[in-house]
Amino acid sequence: MRDRESVLVVAAHPDDEILGCGGTMARLANEGHEVRIAILAEGMTSRYQQRDQVDRKQLNDLHSHAQLAADKVRAKELVLCKLPDNRMDTVPLLEVVKVVEELLERFRPSVIYTHHSGDLNVDHGVVHRAVLTATRPVPGQRAREIYAFEVPSSTEWAFQRLEPTFRPSVFVDISATLDTKISALACYDTETREFPHPRSPEALRAIAMRWGSVAGFQAAEAFELIRSLRPAIT
Ligand SMILES: [Zn+2]
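Numbering-wise, the sequence shown is residues 1 to 234 according to the numbering used here.
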């Protein structure tokens, strides 16, 4: 990482950003990098038969939880987009790409964290593809590094039946920020579950320790490097 990177986390649903890279975001922010979060789907509306049946107060609460969680990890900014929750495959990919392109135009990130494409959740795959499309390495592309994160209860519940499987190769030591990640997730009281659900605090700790044990750290988040560009220094 350079001295001061502009980091953008592109997530599908409120809580994915914390589950996927909450510890890494907190660490990057502590190290002086600018971390921003974009959540593309509005969250929750897939629980209703019709998108407009959603309880607006509950949705507003969810969005304020997202802001609280972003504050916990010291993100500089949170952007909530309004794509349909768990129905992103009903939206033309181009529309999702445009949302991502606008975010890139606005924030000019050099490092992007986003979903892994082989998740069980269909929105996660759409977001991954939209990010790859929006960051095509044409000359002048600012996004140098793209990492894919796992989302407990979506990545492993594909049971390696959806290609590609998650094969992490980058491990970030989050020993100092794991507690922040857990408390950020607690901001989402409607989205957390009791153990043994993978989105429970106990399971998140276990997952971080498991990846830590792979990498020689007390706790880690695991990522797949999707691509890294090293332009010549001019
Ligand atoms: Zn999700």
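Ideal placement from N, C-alpha and C gives every residue a C-beta, glycine not left out.
Values in this document were obtained by computation on a predicted structure and should not be read as measured data.
Distance from the C-beta of residue 117 to the nearest heavy atom of ligand 1 is not below 8 Å. Residue 3 and residue 20 have their C-alpha atoms roughly 23 Å apart. When DSSP assignments are scanned along the stretch 51–95, the uninterrupted stretches of alpha helix (DSSP H) that are 4 or more residues long and fall wholly within it turn out to be 56–72. Nearest Cα to residue 198 within the set 186, 151 and 26: 151.
In the three-state reduction of the DSSP assignment, residue 162 falls in the coil class, being assigned neither a helical nor a strand state. Between residue 114 and residue 148 a beta carbon distance of about 6 Å is seen, short of the 8 Å cut, so the two are scored as contacting.
Boundaries of the alpha helix (DSSP H) around residue 180: 178–186. Listed as beta-bridge partners of residue 133 by DSSP are no residues whatsoever.
Separation of the CB atoms of residue 35 and residue 10 is rounded to 12 Å, and the pair is thereby denied contact status at 8 Å. Not one heavy atom of ligand 1 sits closer than 8 Å to the Cβ of residue 89. Closer than 8 Å to some heavy atom of ligand 1: that does not describe the Cβ of residue 69.
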